[in-house]
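Single-structure report; data block below.
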Amino acid sequence: MTQVNRLTGGQVDRSQTLNFTFNGKAMQGHPGDTLASALLANGQRLVGRSFKYHRPRGILTSGSEEPNALVQLRSGAHQEPNTRATVTELFDGLTATSQNHRGSLEHDLMAVTDLMAPFLSAGFYYKTFMWPKAFWEKLYEPAIRKSAGLGRLSMQDDPDSYDKGFLHCDLLVIGAGPAGLSAALAAGRSGARVILADEDFAPGGRLNAETLEVDGMSGADWAAAAIAELSAMDNVRLMTRTTVYGAYDHGIYGALERRTDHLATSDGKPRQVLWRIYSKRAVLAAGSTERPIAFGNNDRPGIMLAGAVRTYVNRYGVTPGQQVAVFTNNDDGWRTAADLAANGVAVTNIIDTRDAPAVCDVPGARHIRNAAVMDTVGRKGLKSVTLTSGQVIPADCLAVSGGWNPNVHLTCHQRGRPTWREDIHAFVPGGDLPPGMAVAGAANGSLTLAAALAEGRNVANAQIKDLGFTASRKAAPKAEDEPSDGMAIWHIPESKNRAWVDQQNDVTVKDIKQSYREGFRSVEHLKRYTTLGMATDQGKTANIPALAIMAECTGKSLQDTGTTIFRPPYTPIPMGALAGRARGKDFRPFRLTPSHDWASKNGATFVEVGNWLRAQWFARPGEQGWRDSVDREVEMTRGSVGICDVTTLGKIDIQGKDAADFLNFVYANAFGKLPVGKVRYGLMLREDGICYDDGTTARMSENHFVMTTTTANAVLVFRRMEFVRQCLCPDMDVHLISTTDGWAQFAVAGPNARNLLRKVVDEAHDISNEGFPFMACGEVTVCGGTPARLFRISFSGELAYEVAVPARYGNSMIEALMKAGEEFDAVPYGTEALGVMRIEKGHAAGNELNGQTTALNLGLGGMVSSKKDCIGKTLAARPEMNRDDAIRLVGFRPVDRSVKLIAGSHFINKGDDATMANDQGWMTSVAYSPSLGHSIGLGFIKEGHNRKGEIVRAVSPIHDTEMEVEIVSAHFIDPEGERLRA
Amino acid sequence: MLEFNLVSAPPLAGYDQRFDGVNLTAPTDLAIVSLALPLGGEAAAEKSVKAAYGAALPGIGKSALSKDGSARLVRLSPDAAFVIFTHTTPDAEPFVAKKIKGAAYTTDQTDVWTGLEIAGPRARTALERICPIDLHPASFATGDAARTTMEHLGTLIIRTGDDAFLLLSGSSSAKSFLHAIETSIHNTA
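First to last, the protein sequences are chains A and B. Just so we're aligned, residue 76 is where the first sequence starts under the numbering used here, counting upward by one. Just so we're aligned, residue 1169 is where the second sequence starts under the numbering used here, counting upward by one.
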C-alpha cells in the first residue's frame, strides 16, 4: 500500500489501480484521480522547485489556477513541460518528472539562489544587466535563458496531431458547476441549442468537491443526474475537458478541447481540438478562485488553499496531511475543517483572523480567534506554523482561505473593467460585458450554492427569451446558502520572513512594496516590474492580494487601483493547437497546374508562387546546375520552340453590354474600340496613380472579354473590379467571373511556334500570319474537336501564342504539344527561362510593378489615355509624378562583360560618393542572357531615357560590391519586334 | 491529327471512398455553367430559366432542382447563379446558353471547380472540423447553399439531402481540398 493518504469515499474508482511514476518512483492511483491527487495520496508533498529562487514547492490548489505543481509529462518526443499536475488526469503508465532543478528535486544545486535573494529583488534584471551593453547578447541573455524557463522542451518535432473546428449554438454555457448546470438545464429544456463546456473531465464544478446537498441528494449525485438529463437532449452538446479561453467579437468564443491528454496514446487522432464557437448568447458560469493569505514562508509544501484541501478529501478521497491546521478569514475555511474531521483526519487548530464565534462544531479542533499565522517551519514540507502570538503549532498541512475571487476574466476580454464589491471583498464583472454575455453564479459574485443555482437558471432563461424561446417553468434546483461571511485580510504584516504573493514568479509582499517605492505604482507597471501575474497561471491566485497590497501602499481603494487587463487565453494553449493542421507540407494548400503530373515526370523542379507550384526549370541528365537547364531552355526556345504552362495567370470572364466601357474605365489605356478577335496589353492604375497590374485582355465577341492578370494579383484584381462594378459603376451591365482554374493555358514560343501549333490546331482554323496576325485571338478547336482558345501574344519576344483548353485536358495537351514538337526539338521551359526571356525583351514584371512606380517610370506614360477617364488618372497627373528627372526603366549591362550584375544595387554617378543623397535609382531585375552571353539587368534610373550610353556605378553595400554599368535600351533582344510579328 | 487525341482527366476523377458513417465521392461528369442576369433583363432571364428548367431561379443562398431533377439551379447573388448538371462533353456552356435561349450571360465553370459529395450520418461531424457554416438541419435546410472557406480554400457548399452535401472548390487545389476533407473524416472517426 503506497497510498498512505488515501481515505474512503470520493469519486475515484477504487476497483481499478493505475500505475504511474514520479521522478522514476512507482506510485499508484485510481481512475478519477488527477496527478496531483494521486501524488498526495502517495504522500508526495514536494513536487517542484520555484522559478526564481528554486524554493521547494508543493501543491497549492486543485484546479487550473495552480502556480506551483508544474511538471513534465511523458517522455521522448511526447515530453511536455510546465503542465499542471492539478488538472492532469491520471492514466496507467503516466510518467511525470519535476522540473527546474539541477541535481535531484530534493537536493537542487540551484537552491543557492535562495541565499542570494537579498540581491535578486524586483527589478534585479533591469538594473543589473544594463551595462556593459555589449555583454547582453553574448553573455547575459544566454546565461539568463539557461537558468530560466522551468521545464525543458524535447527539442524534437511534436509527434501529436491537432485539429480545429467550428461550432454554433444559441447559448454557450461556460462552466458546468452549479450555476452552469442550472443554466444549461433551463436553456436545454426550452429547446434552444446549447453548448455546455467545462474544463474538468468530471462536470459539476464545486459540487464534486463539497458535501452540500441539492434537491435532497449530494451535490455530486445531483450533478451526475443533471449531466444525464442534458446528455439525453439532442439540442445540448456537452463538452468536458474543454476550456473556453477567450471571448472574441460577435459572440465568438475560443475553446480548447483536450481529447486524448488523459489517454496513454492518441492512436493517430488529434490530441487537442481548438474550437471556434459561434454563439448567439453566452452565460459565463466560470465559478471563483480561492485566494491565499500572504505570510512568512507561506510557500512550503503542505500549505494549501482550504477549498483545494476539501476537494482532495471529498472528491478524490485523499487527505493532504495527517495533522491539519486551518487558517481562515472567512466561514468557508471552517467547512474544510469540518469535512476533514468527518473523514477522520486530525484537525488540530482553526486559526481565524476574526474575533467571532465558531462557525460550526469541528470535533477535536481548537478555535483560535483573532489570530494569524506569521511564519512556518519545514524546508521540504511543512512541520509547524507560528502564530503572531508566538505560539507554534505542529502541522503537516495548513489549509488557508483568504476568501474567493469571481473568475471575471472572460468578461474583460473586450476591455470590460471589473467592479469592486466591498461586501464580498472581491471584483465582480463590470457593466460592459462582451455583447451577448451574461454572468451567473460565483463568477458573478453569487458565491453561495442556492444563489448560484437560482441565478444560473434565471440568467439562462433571460438569455433564451431574448432569442424568442419560451423558457421552461421548472423552478431552480433547491439548496441552501452556506455561511459565507468573511473579512478582508491580504497579508500578515507581522511576518518578518518573505511572504509570497505570486508563487509562480516568486514575488513577495516586499517586492510589491519596493515596486511602489520605486514609482511603479500602476497595476500594469507593477506587473511588468515584478513579473507578478505572468506565466502559466496568469496570477489567478496572486493578482487580487497583490493589488490589495499596492492599494494599501498608495492609500487608494481597490476599485481605484483596478486590475490589469485580462486577455485571452484564460489558461495556456499549446502552440500545436494554435497551429492545428497547418504544419509541414500542410501549412497551406497547394494549387497545381494542369500539366503538373507531366512536369513531375519530366525533370521539373517546382517553385512556390503564392499557393501555386510552378515548374522552375526542367533538368536534363548531365546538366550541372539550374543555370545549365535555364540557358538551354532559353536557347532552344529562341532557336526553335519552347512550351510553358502559364495557367497560373489570372483569367477573368467579362460579359455585358457595357463591358467595353467598363474596361475603358478600369484600364489606363483605351479598350472601347478594341476589335473583336483582338488582344490588347492593358495597364491598371491604383486610385493614387501608381501602377497596379498589367496583363492582356482579349475581345472574344462584342460583349465578351477575357482578361489576363498577373499570377500574384489574380485575386486582388478580381476583387477590385468587383468593387468597381458594384460600387462605382452600378449602372453598367457588366458581369465578372473567374475562370483561372478552368483553362489550361500554354505559351508556345519560338520561330517554330506556328509550325508546331499547325499540327495541333484543327485544320479548319487559319493560323497563318495573315489570317491570325500578332495580337489576334479566337475560339478554335484542337486535336480533333476539343474546344480551345488561341491568343497570339508574346512575353518572350518570340513568335508566340498562348493556347488554352478546358483544364481537364491540360495534362493531355502538354503531351500532345510535346509530341507534335518532337520534330522541332521543342522544349518545356519553366519560370526561370520565362524570366530570363522577359528581361531580355525588357518587359516589366513584379520587380518593376512594385507598388511604387508609375506609368511614366515604366516608360508607359503614353498609355494613360488623355481622351477618357480611368481609375488613377487624376492623381497620376500630379506634378511630383511627372517630374522631368523622374526615374525611368532602362537596361543595364556591365562594362566588364564577365561581371555578374546584382539586383538591388543602387546607381551612383561616376565620381560621386555612394550615399543616399547621390542615389540615382536601383537595379530591379538581372539575369544571365544566354542570347548575349553576359549578364543583363533592368532598373530605374533618373532620366534614364536620355542617358543611354552613359556609364554609372552599381553599388550594393549589402554585398559590398561595386561595378561599372552602361545604360542601354531595356529591349536587349529584337528591339523592333520583328520576331513576334513574323 | 488523331494522333493527338486529348484525354479528359479531372483532378479527382473516379474518387469514391467509403468511411465509417461517411461516403465521399467525386461526382462523375459534373458540369457547371454560370448565369449572369443582364442589367434590366433580369425578369426575362428568370422567365427563360423557368421555361428551360421547369423551376424558378431560387433566392440567394438557395438551390432548386429542375422539374426533371437533372439540373440544380443555385442562386449565388442578385445577378449570379450556377446550373449544375451531368454532362460528358466540354460544351456545357453552349448547351445551357441554347437551353435558356441566351437570356443570361453564360460562362463555363466546369473546369474551374472540383466537386466532392459527402454523405452519411457522420458527414456533419466531419465537416465541423473544417466548415465555418452552421450545418444544423434547422439552420441549413436541404437545398441551401453558401460560399465559405475550408482550410483556406474557397468553397461552395450545397445541402443536397438529409445528410448529404455537395462541396465545390477550386480545381487547381483539388488534391489539397480532398486531403482536407479526408483528414476531417479521419480525425472524427
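Even glycine gets a Cβ: it sits at the ideal position worked out from N, Cα and C.
- Item | Coil, strand or helix - Val1001 of chain A by DSSP | Within the first sequence, the letter at position 926 stands for residue 1001 of chain A. Note: Val1001 of chain A maps to strand in three-state DSSP.
- Comparing alpha-carbon positions, which option in A:Asp450, A:Gly846 and A:Ala920 lies nearest Asn572 of chain A? Numbered from its first residue, the first sequence carries residue 572 of chain A at position 497. Asn572 of chain A has its Cα closest to that of A:Asp450, out of A:Asp450, A:Gly846 and A:Ala920.
- For the beta strand (DSSP E) that contains Gly1329 of chain B, what are its first and last residues? Translated into positions along the second sequence, residue 1329 of chain B becomes position 161. That run of the beta strand (DSSP E) goes Leu1321 to Gly1329.
- Task: Let me know if Trp692 of chain A comes out buried or exposed under the rule of 16 or more other beta-carbons within 10 Å of its beta-carbon.
- Result: Sequence index remark: in the first sequence, residue 692 of chain A carries index 617 (1-based). Flag for Trp692 of chain A reads buried.
- What residues of chain B sit near Phe665 of chain A, judged by a beta carbon separation below 9 Å? For the purposes of this step, residue 665 of chain A is identified with residue 590 of the first sequence, where counting begins at 1. The answer, in chain order, is Ser1340, Ser1341, Lys1343 and Ser1344.
- Item | Interface partners of Trp206 of chain A on chain B, CB under 7 Å | Here residue 206 of chain A corresponds to residue number 131 of the first sequence, with the count starting at 1. Those do not exist, as Trp206 of chain A stays about 48 Å from chain B at its closest Cβ, beyond 7 Å.
- Item | Asp336 of chain A versus A:His153, A:Val467, A:Asp309 and A:Thr668, residue with shortest Cα-Cα distance | In the first sequence, the residue the question calls residue 336 of chain A occupies position 261. Checking every option, the nearest Cα to that of Asp336 of chain A belongs to A:His153.
- Reducing DSSP to helix, strand and coil, say where Phe665 of chain A ends up. As a working note, residue 665 of chain A is residue 590 in the first sequence. DSSP places Phe665 of chain A in coil when its eight states are reduced to three.
- Residue(s) in a DSSP beta bridge with Cys487 of chain A: By 1-based counting over the first sequence, the position of residue 487 of chain A is 412. Cys487 of chain A is not bridged to any residue.
- Endpoints, the beta strand (DSSP E) within which Cys628 of chain A is located: Taking the first sequence and counting its residues from 1, one reaches residue 628 of chain A at position 553. Per DSSP, Cys628 of chain A belongs to no beta strand (DSSP E); it is in the alpha helix (DSSP H), Asn618 to Thr629.
- Item | Pick from A:Ser871, A:Arg867, A:Gly860 and A:Lys894 that is closest to Pro881 of chain A, judged by C-alpha positions | Numbered from 1 along the first sequence, position 806 holds the residue referred to as residue 881 of chain A. Out of A:Ser871, A:Arg867, A:Gly860 and A:Lys894, A:Gly860 has the C-alpha closest to the C-alpha of Pro881 of chain A.
- His840 of chain A in three-state terms, based on DSSP: For this step, residue 840 of chain A is matched to residue 765 along the first sequence. The answer is coil: DSSP assigns His840 of chain A none of H, G, I, E or B.
- Query: Alpha carbon to alpha carbon, how far is Leu667 of chain A from Ile587 of chain A?
  - Reply: Within the first sequence, residue 667 of chain A is the residue found at index 592, counting from 1. Within the first sequence, residue 587 of chain A is the residue found at index 512, counting from 1. Looking at the two C-alpha atoms, the distance is approximately 60 Å.
- Gly1329 of chain B versus Pro1289 of chain B - alpha carbon distance: Sequence index remark: in the second sequence, residue 1329 of chain B carries index 161 (1-based). Sequence index remark: in the second sequence, residue 1289 of chain B carries index 121 (1-based). In a straight line, the C-alpha of Gly1329 of chain B is about 11 Å away from that of Pro1289 of chain B.
- Could you tell me if Ile718 of chain A is buried or exposed, where buried requires 16 or more neighbouring beta carbons within 10 angstroms of its beta carbon? As a first step, residue 718 of chain A must be located in the first sequence, where it is residue number 643. Burial call: buried.
- Just by C-beta distance, which residues in the stretch 1187-1209 of chain B are closer than 9 Å to chain A? Ser1202, Ala1204, Leu1205, Pro1206, Leu1207, Gly1208 and Gly1209
- Task: Measure the C-alpha to C-alpha separation of Leu380 of chain A and Phe370 of chain A and round it to an integer number of angstroms.
- Result: The residue labelled residue 380 of chain A in the question sits at position 305 within the first sequence. The residue labelled residue 370 of chain A in the question sits at position 295 within the first sequence. Going from the Cα of Leu380 of chain A to the Cα of Phe370 of chain A covers about 13 Å.
- Query: Secondary structure at Ile743 of chain A, three-state DSSP: helix, strand or coil?
  - Reply: Reading the first sequence from its first residue, position 668 is the one you call residue 743 of chain A. Reading the sequence as shown, one finds Ala at residue 743 of chain A and not Ile. DSSP places Ala743 of chain A in coil when its eight states are reduced to three.
- I think Phe95 of chain A touches Ala113 of chain A, with their Cβ atoms under 8 Å apart; what is that distance to the nearest whole Å? Counting from 1 along the first sequence, the entry for residue 95 of chain A is found at position 20. Counting from 1 along the first sequence, the entry for residue 113 of chain A is found at position 38. Yes, Phe95 of chain A and Ala113 of chain A are in contact; Cβ-Cβ is about 7 Å, under 8 Å.
- Tyr1273 of chain B burial status per 10 Å Cβ neighbour count (16 or more: buried): Reading the second sequence from its first residue, position 105 is the one you call residue 1273 of chain B. Buried: at least 16 other Cβ atoms inside 10 Å.
- Continuous alpha helix (DSSP H) assignments of at least 4 residues falling wholly in the stretch 689-767 of chain A: 701-714 and 734-741
- Message: With a threshold of 9 Å between beta-carbons, can Glu1171 of chain B be considered close to chain A, or not?
- Response: For the purposes of this step, residue 1171 of chain B is identified with residue 3 of the second sequence, where counting begins at 1. Yes, because at least one Cβ of chain A sits closer than 9 Å to the Cβ of Glu1171 of chain B.
- Does any C-beta atom of chain B lie closer than 9 Å to the C-beta of Pro881 of chain A? In the first sequence, residue 881 of chain A corresponds to position 806, counting from 1. Yes - at least one Cβ of chain B is within 9 Å of the one on Pro881 of chain A.
- Message: Taking the alpha helix (DSSP H) that Gly885 of chain A belongs to, which residues open and close that run?
- Response: Residue mapping note: residue 885 of chain A aligns to position 810 of the first sequence, counting from 1. Segment Gly885 to Ala895, the alpha helix (DSSP H) holding Gly885 of chain A.
- Query: DSSP on Val319 of chain A, reduced to helix/strand/coil?
  - Reply: Stepping through the first sequence from its first residue, residue 319 of chain A is reached at position 244. Residue state, collapsed to three classes: strand.
- Message: My parser needs the alpha helix (DSSP H) runs of 4 or more residues fully inside the stretch 161-216 of chain A; what are they?
- Response: 187-190 and 199-203
- Query: What three-state label does DSSP hand Gln103 of chain A in the structure shown?
  - Reply: For the purposes of this step, residue 103 of chain A is taken as residue 28 along the first sequence, with counting starting at 1. In the structure shown, Gln103 of chain A sits in a strand (DSSP, three-state: E or B).
- Message: Measuring straight from C-alpha to C-alpha, what distance separates Arg713 of chain A and Asn788 of chain A?
- Response: By one-based count along the first sequence, residue 713 of chain A stands at place 638. By one-based count along the first sequence, residue 788 of chain A stands at place 713. Cα to Cα, Arg713 of chain A sits roughly 28 Å from Asn788 of chain A.
- Message: With a threshold of 9 Å between beta carbons, is Asp560 of chain A in contact with chain B?
- Response: Taking the first sequence and counting its residues from 1, the one referred to as residue 560 of chain A is at position 485. Closer than 9 Å: no.
- What does a CB cutoff of less than 7 Å around Asn932 of chain A pick up in its chain, not counting 5 residues either side in sequence? Your numbering for residue 932 of chain A matches position 857 in the first sequence. Correct list, in chain order: Ala961, Ile962, Arg963, Leu964 and Phe1015.
- Message: Using 8 Å for Cβ pairs, my map puts Thr783 of chain A next to Gly853 of chain A. What's the rounded Cβ distance?
- Response: Position 708 of the first sequence, counted from the start, is the residue given in the question as residue 783 of chain A. Position 778 of the first sequence, counted from the start, is the residue given in the question as residue 853 of chain A. In fact, because the Cβ distance is near 15 Å, the residues do not count as touching under 8 Å.
- Item | Inter-residue Cα distance where the pair is Phe681 of chain A and Leu758 of chain A | Residue 681 of chain A sits at position 606 when you count from the first residue of the first sequence. Residue 758 of chain A sits at position 683 when you count from the first residue of the first sequence. If I take the Cα positions, the gap works out to 29 Å.
- Query: Would you say Leu256 of chain A and Ala298 of chain A are within 9 Å of each other, going by their C-beta atoms?
  - Reply: For the purposes of this step, residue 256 of chain A is taken as the residue at position 181 of the first sequence. For the purposes of this step, residue 298 of chain A is taken as the residue at position 223 of the first sequence. Yes.
- Task: Could you tell me which residues DSSP puts in a beta bridge with Ser32 of chain A?
- Result: Because chain A is modelled from 76 through 1057, residue 32 of chain A falls outside the range shown and cannot be assessed.
- Query: Can you find a C-beta in chain B that's less than 9 Å from the C-beta of Asn686 of chain A?
  - Reply: The sequence position of residue 686 of chain A within the first sequence is 611, counting from 1. Interface residue, yes.
- Query: Is it the case that the Cβ atoms of Ala554 of chain A and Ala515 of chain A are separated by a distance below 9 Å?
  - Reply: On the first sequence, position 479 is the one that residue 554 of chain A refers to. On the first sequence, position 440 is the one that residue 515 of chain A refers to. The answer is no: Cβ separation not under 9 Å.
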